[in-house]
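As they're listed, the protein sequences go chains A and B. Each residue of the first sequence is one higher than the last, beginning at 1 in our numbering. Each residue of the second sequence is one higher than the last, beginning at 437 in our numbering. Note that beta-carbon positions come from the ideal geometry of N, C-alpha and C, so glycine has one too. Because the structure is a prediction, the values reported are computed rather than measured.
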Amino acid sequence: MKPGKWLQTTMVLTLAAVMLLAGCGSNSNEEGSGGTTTSAAETAETNSGPVEITYWNLFGGGEGDFADQIVKNFNDSQSEIVVKALRLESNEYYAKLGTALASGKGPDVAIAHVDKIAPFVKANQLAALDEPAAKAGFDYADVTDSNAQSVVYDGKHYAVPIDTHFHMLYYNKDLLDKAGLLTADGLPNLGDVSPEGFKNFLTELKNKLPDIEPFAVNVPYFHEPFYNLYYEAGGDLLNADNTQAAINNDKALQVLNFYLDLFDSKLSDVNDKTPWQTFHDGKAALWFGGVWEAGWHFGEQNLNVGAMPLPPIFGSEQHWGSSHTLVVPAYVDPAKQEAALKFAKYYILEGGKIWGQAGHVPAGKAVVSSDEYKNLPYRKYFIEAQKTVKFAPKTDKYNAIDTSIQEVLQNIVFKKVTPQEGLGIMEKEINDILAN
Amino acid sequence: MLHDSVAKRRSLKALAAELSAIAFLVPFLVPFLVFYVWPVVKGGWMSLHVWGVAGKQRFVGLDNYAKILRDDNFYANLWHSFYFVLIFVPLVIVFGLVLALLVNRKMPMRALFRSVYFLPYVLSVSIVCFIWMRMLDSGSGLVNSILAAFGLPGANWLTDPDWAWWSIAITTVWWTVGFVMVLFLAGLQEIPVEFYEAANIDGANSYQRFRHITLPGLSGVMRVQIFYQVIASLKLFGQVHIMTQGGPGDTTNTFVRYIYLTGFKKDLFGLASAQSLLFCLIMLIITAAQYRFMNKRED
Chain A
1 MKPGKWLQTT MVLTLAAVML LAGCGSNSNE EGSGGTTTSA AETAETNSGP VEITYWNLFG
61 GGEGDFADQI VKNFNDSQSE IVVKALRLES NEYYAKLGTA LASGKGPDVA IAHVDKIAPF
121 VKANQLAALD EPAAKAGFDY ADVTDSNAQS VVYDGKHYAV PIDTHFHMLY YNKDLLDKAG
181 LLTADGLPNL GDVSPEGFKN FLTELKNKLP DIEPFAVNVP YFHEPFYNLY YEAGGDLLNA
241 DNTQAAINND KALQVLNFYL DLFDSKLSDV NDKTPWQTFH DGKAALWFGG VWEAGWHFGE
301 QNLNVGAMPL PPIFGSEQHW GSSHTLVVPA YVDPAKQEAA LKFAKYYILE GGKIWGQAGH
361 VPAGKAVVSS DEYKNLPYRK YFIEAQKTVK FAPKTDKYNA IDTSIQEVLQ NIVFKKVTPQ
421 EGLGIMEKEI NDILAN
Chain B
437 MLHDSVAKRR SLKALAAELS AIAFLVPFLV PFLVFYVWPV VKGGWMSLHV WGVAGKQRFV
497 GLDNYAKILR DDNFYANLWH SFYFVLIFVP LVIVFGLVLA LLVNRKMPMR ALFRSVYFLP
557 YVLSVSIVCF IWMRMLDSGS GLVNSILAAF GLPGANWLTD PDWAWWSIAI TTVWWTVGFV
617 MVLFLAGLQE IPVEFYEAAN IDGANSYQRF RHITLPGLSG VMRVQIFYQV IASLKLFGQV
677 HIMTQGGPGD TTNTFVRYIY LTGFKKDLFG LASAQSLLFC LIMLIITAAQ YRFMNKRED
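Structure, rendered in structure tokens:
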């Protein structure tokens, strides 16, 4: 090839690559995909066939397969409604859902975390569901009370909760057994459940198994392990009427110092960017993991894992929790609202059986009390732990508050600020957000 | 009479020419107005309000701007973006030039080498980042494994404040150096071969030929490259967002990620718009300064 010709080829290639990349970019940033599905749904309706509703969700990885199965089963189970599921990338999900709700074009029913719905409710962008629920024959009494209560604003339900999810203490039985720290019942022999007691347990593990990380801590999402122990200590993010930060206190300080001490004593690895994988690979003995990881860990042949509710290291059994809910945008017409609620009803009564296998604790009372569910591994502990979860404060500023806390926590963990300074910054930032 | 009608015909012709010019520009102008100018105007309007998920909440005038200028994070993240320019631009220019000189030589399989060096450029940012995250993993990553094989201590490439920026810079060099190389290669082929022949006759050594023929011959391309790379690296977002999440702590949190967090994670769209416009202004000033500086040197 001549140099000139080669250059030409390369330039053409570059141009093609740039155009390709630009194409990808605009594709993932625009609302195009949502718009087209809606118009497809509209044409279907005018043909007086089954009602077609568009369903947005963010379930990827292992839980995505279960979510897809539920939609498929629903579509197969009846002929009047067709649910078209669209899975969006979870990182950008709320940016897209927010845009869709604001512009009035998008899904007919969508997944939203319970701690994300307050701003949408405040903006009147979500439909109140009591009326369509009655028409669809769905009763909130079928939903676990704490879940049903979590979606009430001004006495009305604005979502249908489908699950509760939170963290469990996962433990590697083989490793604990090797270290002689497994009880006869196959539970970790934690001994004295207190900050010092837990550290002693980890130190003993380290002494017995020097090549193993005793306790993998979720540093990339450090707010999760922080919230868990801070809630255990009886802490709150905000004051009772959600008008002031309540985070700058001794409890938070003790929890932070506890974790920093674990990092300093090499009982936990602050530099691990994928601690869930470290635990899954059998290189860490303990791990505070989400219930949604249950199917993944228990399904691994080479991994002998148990799960128990988080031990009350800092006193109480309160711990962080959230919940997936189904919401219906306010712009959806009544016929489709009713169809969406029929889908929600199915999700609660039938879908929950499949959803429970993914690990989340289903919100349907009947499913959770069924033998089918209880016979799944460790689910009795899940049900136990579900009773003591603490949801995020019900404020439409939660996104901003949570993000601020996350950022400052990273600076604390990597010692750019001391815990004391960090808590002061959090307090100031949160109060600024709330004052706005 | 006659004169008049000729003039009229002429002006009509000119008008037609104008109109056809505009017609040719429309395919560019319409998307430009809709997708560029309008968002900027709208952003300016939003920046004067408290603007949340629900849209406009209330007018606050220039409060958002005042708030940004009082925010320590603003200065810290702005500095981070500039820091990346300082370490990355020299690196990518030098490597790009070296590669261009290498593959410009007559050697077997030259086209293959050229293509291989260029290939990473066609990958998307997420793929590039995941490849390097694996390689730089502090536990089982390739880089630390190789170091260990030579008995050298590894490092926490992505979580050690001393290394995180270099990891991002090296990743970005690997990704984009091919493009820099191609432009230099084009520049090299513009330099007349006679210059080198004459220099050989005069007995110039290879360093002298490089210093006095190649470098001056590339000065035009060099200016464009620096100009482009400075702007591109100021906009750094994807690599730090995926590889370090701005960490460790906020060590690699750049200005664009600061805007992203404010807008899309905190739902403070008014404030984020103000940040974007300030950033746009800063970029314009830098671009203008660079432009002035370069044109002066050319004179």
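Query raised in the report: Any beta-carbon of chain A closer than 7 Å to the one on Val489/B?
Result: Under the Cβ distance rule, Val489/B counts among the residues neighbouring chain A, one pair being separated by less than 7 Å.
Requested in this report: Determine contact between the region 715-734 of chain B and the region 406-426 of chain A, defined as no fewer than three beta-carbon pairs at a distance below 8 Å.
Outcome: In short, these stretches do not touch, since the Cβ pair count stays below three.
Query raised in the report: Would Lys444/B be called buried (16 or more neighbouring beta carbons within 10 Å of its own) or exposed?
Result: Counting of Cβ neighbours within 10 angstroms places Lys444/B among the exposed residues, the total staying below 16.
Query - Buried versus exposed call for Pro467/B [16 or more other C-beta atoms within 10 Å across all chains shown] - result: Classification of Pro467/B: exposed, given that the 10 Å Cβ count is below 16.
Requested in this report: Tell me, please, which residues DSSP counts as bridged to Asn172/A.
Outcome: According to DSSP, residue pairing for Asn172/A in a beta bridge involves Val305/A.
Query - Nearest residue (CA-CA) to Asn257/A, options Thr183/A, Ile412/A and Lys380/A - result: Nearest C-alpha to Asn257/A: Ile412/A.
Query raised in the report: Going by DSSP, which residues form a beta bridge with Ile53/A?
Result: Answer by DSSP bridge pairing, in chain order: Val83/A.
**Report entry** Under 9 Å from the C-beta of Ser574/B: neighbouring residues of chain A
**Finding:** Residues of chain A passing the Cβ test: Asp269, Asn271, Asp272 and Lys273.
Report task. Using three-state DSSP, classify Gly25/A as helix, strand or coil. Result -> Because the pLDDT at Gly25/A is just 37, under 50, the model does not fix this residue reliably, and the value given afterwards should be weighed accordingly. Residue state, collapsed to three classes: helix.
Query raised in the report: Taking Pro107/A as the reference, which of Lys84/A, Pro275/A and Phe59/A has the closest Cα?
Result: Selection Lys84/A, Pro275/A and Phe59/A evaluated against Pro107/A yields Lys84/A as nearest (Cα-Cα).
**Report entry** CA-to-CA distance, Asn124/A to Thr243/A, given in whole angstroms
**Finding:** Using only the alpha carbons, I get a separation of about 22 Å.
Requested in this report: Check Arg728/B in the structure and name its three-state DSSP category.
Outcome: When secondary structure is reduced to three states using DSSP, Arg728/B falls in the helix class.
Query raised in the report: Name the chain A residues that come within less than 8 Å of Asp686/B, Cβ to Cβ?
Result: Neighbours of Asp686/B in chain A, taken as residues at a C-beta separation under 8 Å, are given in chain order as Glu407, Gln410, Asn411 and Lys416.
Query - Pair within 7 Å by beta-carbon distance, Ala708/B and Ile718/B - result: Their beta carbons are not under 7 Å apart, which means Ala708/B does not touch Ile718/B by this criterion.
Requested in this report: Helix, strand or coil for Thr687/B, going by three-state DSSP, please let me know.
Outcome: Coil, per DSSP.
Query raised in the report: Looking only at its own chain, which residues have a Cβ that is under 8 Å from the Cβ of Gly282/A, when we skip the five neighbours before and after it?
Result: Cβ within range, chain order: Asn172, Asp174, Leu175, Asn302 and Leu303.
Report task. Look at the alpha carbon of Asn348/A and the alpha carbon of Ala363/A, and state the distance between them as a whole number of angstroms. Result -> This sequence places Ile at residue 348/A; Asn is not what is there. Approximately 7 Å between the Cα atoms of the pair.
Query raised in the report: At what residues does the alpha helix (DSSP H) containing Gln386/A begin and finish?
Result: The continuous alpha helix (DSSP H) containing Gln386/A extends over residues Arg379 to Gln386.
Query raised in the report: Given that Ala148/A touches chain B, what residues does it touch there, using C-beta distances under 8 Å?
Result: Residues of chain B with a Cβ closer than 8 Å to the Cβ of Ala148/A do not exist; the shortest Cβ-Cβ separation is about 24 Å.
Query raised in the report: Interface residues of chain C around Thr403/A at Cβ under 8 Å?
Result: The question asks about chain C, but that chain is absent: this structure's protein chains are A and B.
Query raised in the report: Quick one: is Gly34/A near chain B, going by C-beta distance under 7 Å?
Result: In this predicted model, Gly34/A has a pLDDT of only 38, less than 50, meaning its place in the structure is not dependable; the value taken from the coordinates is given anyway. Any Cβ of chain B closer than 7 Å to the Cβ of Gly34/A would place that residue at the interface, and such an atom is absent.
Query raised in the report: Hey, is Met172/A's beta-carbon within less than 7 Å of any beta-carbon in chain B?
Result: Correcting the residue identity first, residue 172/A is Asn in this sequence and not Met. Judged by the 7 Å Cβ criterion, Asn172/A is not in contact with chain B.
Requested in this report: Tell me, please, whether the region 648-655 of chain B touches the region 618-627 of chain B by the rule of three or more beta-carbon pairs shorter than 8 Å.
Outcome: At 8 Å Cβ cutoff, the stretches touch.
Query - Anticipated Cβ contact below 8 Å, Val579/B with Met569/B, distance rounded - result: With 8 Å as the limit, Val579/B and Met569/B do not qualify as a contact, their Cβ atoms being about 11 Å apart.
Query raised in the report: What did DSSP end up calling Arg541/B once you bin it into helix, strand or coil?
Result: In the structure shown, Arg541/B sits in coil (DSSP, three-state: anything other than H, G, I, E or B).
Query raised in the report: Which same chain residues, not among the five before or five after Ala340/A, have their C-beta less than 6 Å away from its C-beta?
Result: Ile53, Asp108, Val109 and Val328, listed in sequence order.
Query raised in the report: If you draw a straight line from the C-alpha of Phe74/A to the C-alpha of Lys342/A, how long is it?
Result: Straight-line Cα distance between these residues: approximately 10 Å.
**Report entry** DSSP state of Tyr664/B mapped onto helix, strand, coil
**Finding:** Three-state DSSP puts Tyr664/B in a helix.
Query raised in the report: Between which two residues does the beta strand (DSSP E) carrying Phe288/A extend?
Result: It spans Ala284 to Gly290 - the beta strand (DSSP E) in which Phe288/A sits, taken as one unbroken run.
Requested in this report: Examine chain A for any beta-carbon lying closer than 7 Å to the beta-carbon of Thr690/B, and answer yes or no.
Outcome: So no, Thr690/B is outside the interface.
Query raised in the report: What are the boundary residues of the alpha helix (DSSP H) that includes Ile111/A?
Result: Careful: Ile111/A lies outside any alpha helix (DSSP H), inside the beta strand (DSSP E) at Val109 to His113.
Requested in this report: Please report the residue range of the beta strand (DSSP E) in which Ser404/A lies.
Outcome: That residue, Ser404/A, is in no beta strand (DSSP E); its alpha helix (DSSP H) goes Tyr398 to Val413.
Query raised in the report: Is Ala600/B near the ligand FAD, judged by its Cβ being under 6 Å from some heavy atom?
Result: Of ligands this structure carries none, so the ligand FAD is not represented either.
Query raised in the report: Nearest-angstrom Cα distance between Leu181/A and Phe298/A?
Result: Answer to the nearest angstrom: the Cα atoms are 20 Å apart.
Query raised in the report: What does Ala95/A touch in chain B if you count any residue whose Cβ is under 8 Å from its own?
Result: Under the 8 Å cutoff, chain B gives Phe700.
Query raised in the report: Counting along the chain, where does the beta strand (DSSP E) carrying Phe215/A start and finish?
Result: For Phe215/A, the enclosing beta strand (DSSP E) covers residues Glu213 to Ala216.
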